[in-house]
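Chemist: Okay, here's the structure, questions in a sec.
In my numbering, the protein residues as written are 247 to 522.
Spelled out as structure tokens, the structure:
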């Protein structure tokens with residue numbers, strides 16, 4: 247097992263260490279839930295010890311009429327400044343799930359570059375539209391907004407939280423309706439596409455990845471290409487599962503810092519790590 251996969255597994259276990267929650271069909275509500283975790287991990291997952299940063303951001307924006315918690319925005323901004331999308335590649339539980347699904351033997355789809363170029367902007371639409379604008383503007387009679395991305399889109403919430411809770415909690419099974427069916431459909435589609443395409447949710451949907459991507463060019467953890475060593479052999483680009491021309495754009499907004507490009511570079515021209 248390589249270092250990245252081991253780190254992903256450890257991060258997922260630590261993030262979801264409330265094992266008894268899966269057997270009781272209940273979520274942890276202790277003090278740790280007041281803190282955000284760095285990766286996408288649903289608040290409602292029975293094992294979750296912390297809160298999802300995207301769910302938390304929607305909550306504070308939806309209640310901005312009464313109060314705004316600068317902690318949430320400050321936390322994810324700090325994570326972005328330090329790590330950028332390293333969190334996506336190494337610490338995110340839902341990223342790990344997609345990685346494992348893509349390991350399932352099947353024909354793989356390499357998305358057409360022109361199509362990929364268009365689709366990659368959708369995650370920013372989800373960030374701006376569902377996470378920021380809708381909770382701010384579409385509020386109820388008391389001025390509170392819903393967590394629209396979590397409620398209508400996020401498959402992580404359904405897979406990690408919704409399905410386990412419904413299976414283990416008889417009372418919840420009697421309350422499910424069309425919305426749960428819609429979310430299950432999106433989750434199944436995400437699973438199928440994750441088998442066929444490398445990390446489709448991260449590439450085209452995830453608003454947290456969209457937020458962290460803005461910090462990729464300036465984060466302390468980033469890639470550097472030594473132009474004196476680089477021969478433009480394109481081994482890095484051929485290896486990259488996200489179709490990034492690493493030797494040209496080592497700190498692309500799409501890069502999740504997996505490090506595979508550096509591992510295959512024949513001249514060791516790509517350096518990965520913290521750079522001031």
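Using N, Cα and C, we set each Cβ at its ideal position, and we do this for glycine too.
Beta strand (DSSP E) containing residue 469: first to last residue?
Modeler: Run containing residue 469: 467 to 471, per the beta strand (DSSP E) assignment.
Chemist: Could you give the first and the last residue of the continuous alpha helix (DSSP H) run that contains residue 520?
Modeler: Unbroken run through residue 520 is the beta strand (DSSP E), 516 to 520; no alpha helix (DSSP H).
Chemist: Can you give me the C-alpha to C-alpha distance between residue 437 and residue 474, rounded to a whole angstrom?
Modeler: Straight-line Cα distance between these residues: approximately 42 Å.
Chemist: I'd like to check one pair, residue 497 with residue 469: are the Cβ atoms closer than 7 Å?
Modeler: Cβ atoms of residue 469 and residue 497: closer than 7 Å.
Chemist: How should residue 499 be labelled, buried or exposed, when 16 other C-beta atoms within 10 angstroms of its C-beta is the threshold for buried?
Modeler: Counting Cβ neighbours within 10 Å, residue 499 comes out buried, since at least 16 surround it.
Chemist: Does DSSP classify residue 482 as helix, strand or coil?
Modeler: Residue 482: helix per DSSP, three-state reduction.
Chemist: Tell me the rounded alpha-carbon separation between residue 390 and residue 371.
Modeler: Distance between the alpha carbons of residue 390 and residue 371 is about 22 Å.
Chemist: Please state the DSSP three-state secondary structure of residue 504.
Modeler: Correct three-state label for residue 504: coil.
Chemist: Tell me which same chain residues have a C-beta within less than 6 Å of the C-beta of residue 487, skipping the five on either side of it?
Modeler: Taken in chain order, the residues that qualify are 444.
Chemist: Here's the rule I'm using: 16 or more other beta-carbon atoms within 10 Å means buried, otherwise exposed. How should residue 248 be labelled?
Modeler: Flag for residue 248 reads exposed.
Chemist: Using DSSP's beta-bridge definition, name the partner residues of residue 282.
Modeler: Beta-bridge pairing links residue 282 to 297.
Chemist: Using only CA atoms, which one of 405, 301, 340 lies nearest to residue 373?
Modeler: Residue 301 is the option with its Cα nearest to residue 373.
Chemist: What are the start and end residues of the alpha helix (DSSP H) that includes residue 495?
Modeler: Run containing residue 495: none; DSSP gives neither H nor E here.
Chemist: Whose CA, out of 466, 507, 323, 463, lies closest to the CA of residue 482?
Modeler: Ranking 466, 507, 323, 463 by Cα distance to residue 482 puts 507 first.
Chemist: Between which two residues does the alpha helix (DSSP H) holding residue 205 run?
Modeler: No statement about residue 205 is possible, as the shown extent of the chain runs from 247 to 522 and does not include it.
Chemist: Are the C-beta atoms of residue 437 and some chain C residue less than 7 Å apart?
Modeler: Among the protein chains of the structure shown there is no chain C, as only one such chain exists.
Chemist: With a 10 Å radius around its C-beta and 16 neighbouring C-beta atoms as the bar for buried, classify residue 289 as buried or exposed.
Modeler: Residue 289 should be labelled buried.
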